[in-house]
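Enquirer: Heads up: the sequence shown begins at 933 in my numbering, then just goes up one per residue.
Even glycine gets a Cβ: it sits at the ideal position worked out from N, Cα and C.
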Amino acid sequence: MGEATKVLRSSIHAFLHSYHSYTSVAALLVLPVSALILLSQAVVASSPQALRLISSRLRSLFLAASFPAASPPFSLLNLMLSQTIFSSLFALPFTLTLLVLAKASVIQTAIEFPRRRPSPPPFSSLLRLYSPLLLTHLFTSFVLLSANAAIFSLLFLLFCAAELTGLSSSPSSLLALSSAGAVLYSIAVANAMVTCNLAIVVSAAEDCGGGGFLPVLKACFLIRGRVATALSLALPFNLAMAAVEALFQYRVARPYRLSSGPIKLSVVSEGFTIAYIHSILIVLEIIAGCLFYKSCQSGSRENWEDGADHHYQTELEPEDKCAV
933 MGEATKVLRS SIHAFLHSYH SYTSVAALLV LPVSALILLS QAVVASSPQA
983 LRLISSRLRS LFLAASFPAA SPPFSLLNLM LSQTIFSSLF ALPFTLTLLV
1033 LAKASVIQTA IEFPRRRPSP PPFSSLLRLY SPLLLTHLFT SFVLLSANAA
1083 IFSLLFLLFC AAELTGLSSS PSSLLALSSA GAVLYSIAVA NAMVTCNLAI
1133 VVSAAEDCGG GGFLPVLKAC FLIRGRVATA LSLALPFNLA MAAVEALFQY
1183 RVARPYRLSS GPIKLSVVSE GFTIAYIHSI LIVLEIIAGC LFYKSCQSGS
1233 RENWEDGADH HYQTELEPED KCAV
């Protein structure tokens, strides 16, 4: 927790050090993505047909896999997965273009902190990084889908075993198994997400053969022993973004649904302000990922040097004994 706090404070310092550069990226590149993410929640609340379609498909999948789809943990998991899928598809065009360019700009600036002067990188360097970042982003999406499939397969085996042993006949046992399955799913997906976020930084910071699976492998190597720090670092950003999304629902989406006339200009301006705050949080999360990458890189280098020194001393011991 101490290392995560240190990285978080360094991230805020880096953001203030290059304030104009980061806020420009947030306003020009990240703001449209944040606006679409927030608007997707409002679309779901006003016309939930699409969300119901996705939720019914997931519920059918849960029932086919012998999951207790009606239990509260799986009902909540179904709702969260449906909202995530809908928001991802709603903002997909801007995510694959503007957000990838924004990550390239922020990573290039944050990696050089504090050596580099606080100015945005040239657009040509962003275009050079776009292709490997896009390939890595697509591959990490595949990794997340594979992680979901793997954990659902494990839960399928778990509930099949519970059905064979008769544990599923008891409501209390079924609720306990459902809660344990939801917790296991959350832990597995959270580990996959922090690894994929680190892979995005690795793809932009290093030459990994054009992106793809090599940055993911490097991220898996770097994050060993630091998963708890990565999760502690991701938690405040996720909570802050959830709070901003709830604020948008309360201050913008709800008054719009309740009003009978045209939307007021004050509500529109407040919506843009909330979307800008959301984009700033995304930029801060990318900066924190960059500084966490630098911390992992320095730690792995120290471990390698300690191992090399130990090996060198071990090799010298027989020669010292012969000399004596």
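So within the stretch 1019-1083, which uninterrupted alpha helix (DSSP H) runs reach at least 4 residues, ignoring any that extend past its ends?
Expert: Qualifying alpha helix (DSSP H) stretches, in chain order: 1032-1043.
Enquirer: For my contact list, L990 and S1014 are in at a C-beta cut-off of 8 Å; report their separation, rounded to the angstrom.
Expert: About 6 Å; that satisfies the 8 Å criterion.
Enquirer: Cβ atoms of C1222 and V1134: under 8 Å apart, would you say?
Expert: Taking 8 Å as the Cβ cut-off, V1134 and C1222 do not qualify as a contacting pair.
Enquirer: Could you tell me the alpha carbon to alpha carbon distance between L1130 and M1173, rounded to whole angstroms?
Expert: Roughly 19 Å between the two C-alpha positions.
Enquirer: Taking only three categories from DSSP, how would you classify I1195?
Expert: I1195 falls in the coil class under three-state DSSP.
Enquirer: Starting from F1169, trace the alpha helix (DSSP H) both ways and give me its first and last residue.
Expert: Taken as a continuous stretch (DSSP letters only), the alpha helix (DSSP H) holding F1169 covers V1159 to F1180.
Enquirer: To the nearest angstrom, how far is the alpha carbon of A1124 from that of P1194?
Expert: Taking the straight line joining both Cα atoms gives about 43 Å.
Enquirer: What span of residues does the alpha helix (DSSP H) with G934 cover, start to end?
Expert: Run containing G934: G934 to H949, per the alpha helix (DSSP H) assignment.
Enquirer: For the candidate residues L1033, T1029, I1043 and L1021, whose alpha-carbon lies nearest to that of A949?
Expert: Per the sequence presented here, residue 949 reads as His, with Ala not at that position. Looking at the Cα atoms, I1043 is the closest of the given residues.
Enquirer: Which class does S998 belong to by DSSP, given the choice of helix, strand or coil?
Expert: Note: S998 maps to coil in three-state DSSP.
Enquirer: Are the Cβ atoms of V1075 and C1140 separated by less than 8 Å?
Expert: Cβ distance not < 8 Å, so V1075 and C1140 don't count as in contact.
Enquirer: Tell me the residue span of the alpha helix (DSSP H) that contains S1104.
Expert: Run containing S1104: P1103 to A1137, per the alpha helix (DSSP H) assignment.
Enquirer: Measuring straight from C-alpha to C-alpha, what distance separates S1101 and P1000?
Expert: So the alpha carbons of these two residues sit roughly 11 Å apart.
Enquirer: Report the CB separation of I1219 from V957 in whole angstroms; it is logged as a contact under 8 Å.
Expert: Not quite, the Cβ-Cβ distance comes to about 11 Å (not below 8 Å), so this is no contact.
Enquirer: CA-CA distance, N1010 and S987?
Expert: Looking at the two C-alpha atoms, the distance is approximately 6 Å.
Enquirer: Among K938, E1177 and P1005, which has the Cα closest to the Cα of G1203?
Expert: If we check each option's Cα against that of G1203, E1177 comes out closest.
Enquirer: Who are the Cβ neighbours of I1214 in its own chain at under 6 Å, not counting the five residues just before and after it?
Expert: Closer than 6 Å at Cβ, skipping near neighbours: V962.
Enquirer: In this structure, does DSSP put G1098 in helix, strand or coil?
Expert: Of the three classes helix, strand and coil, the one that applies to G1098 here is coil, per DSSP.
Enquirer: Count the other CB atoms within 10 Å of the CB of Y954; is the residue buried (16 or more) or exposed (fewer)?
Expert: Answer is buried; the Cβ neighbour count reaches 16.
Enquirer: Assess, as a yes-or-no matter, whether the stretch 1108-1120 is touched by the stretch 1054-1069 under the definition of 3 or more beta carbon pairs within less than 8 Å.
Expert: Contact fails: fewer than three Cβ-Cβ distances are below 8 Å.
Enquirer: Inspect the beta-carbon positions of L940 and L1171 and report whether they are closer than 8 Å.
Expert: Not in contact: L940 and L1171 (Cβ atoms no closer than 8 Å).
Enquirer: Give the secondary structure of P980 by DSSP, where H, G and I count as helix, E and B as strand, and everything else as coil.
Expert: Reduced to three states, the DSSP call for P980 is coil.
Enquirer: Using a 10 Å radius around the Cβ and a threshold of 16 neighbouring Cβ atoms, would you call H1210 buried or exposed?
Expert: Per the 10 Å Cβ criterion, buried.
Enquirer: Distance, Cα to Cα, F1006 vs A1175?
Expert: The straight-line gap from Cα to Cα measures roughly 23 Å.
Enquirer: Quick check: the Cα distance between S1020 and S942, rounded to an integer number of angstroms?
Expert: Going from the Cα of S1020 to the Cα of S942 covers about 30 Å.
Enquirer: Within 10 angstroms of its Cβ, does G1113 collect 16 or more other Cβ (buried), or is it exposed?
Expert: By the neighbour-count rule (16 or more Cβ atoms within 10 Å), G1113 is buried.
Enquirer: Can you give me the Cβ contacts of A916 inside the same chain, cut-off strictly under 8 Å, excluding the 5 residues immediately before and after it?
Expert: The displayed coordinates of the chain run from 933 to 1256. Any statement about residue 916 would go beyond what the structure contains.
Enquirer: Excluding the five sequence neighbours on either side, which residues of its own chain have a C-beta within less than 6 Å of the C-beta of S1064, listed in chain order?
Expert: The sequence given here has Pro at residue 1064, not Ser. Excluding residues within five positions, the ones whose Cβ falls inside 6 Å are S1135, G1142 and G1143.
Enquirer: Which same chain residues end up closer than 7 Å to A1122 when comparing Cβ atoms and leaving out the 5 residues on each side of it in sequence?
Expert: Excluding positions up to five away in sequence, the list reads L1163.
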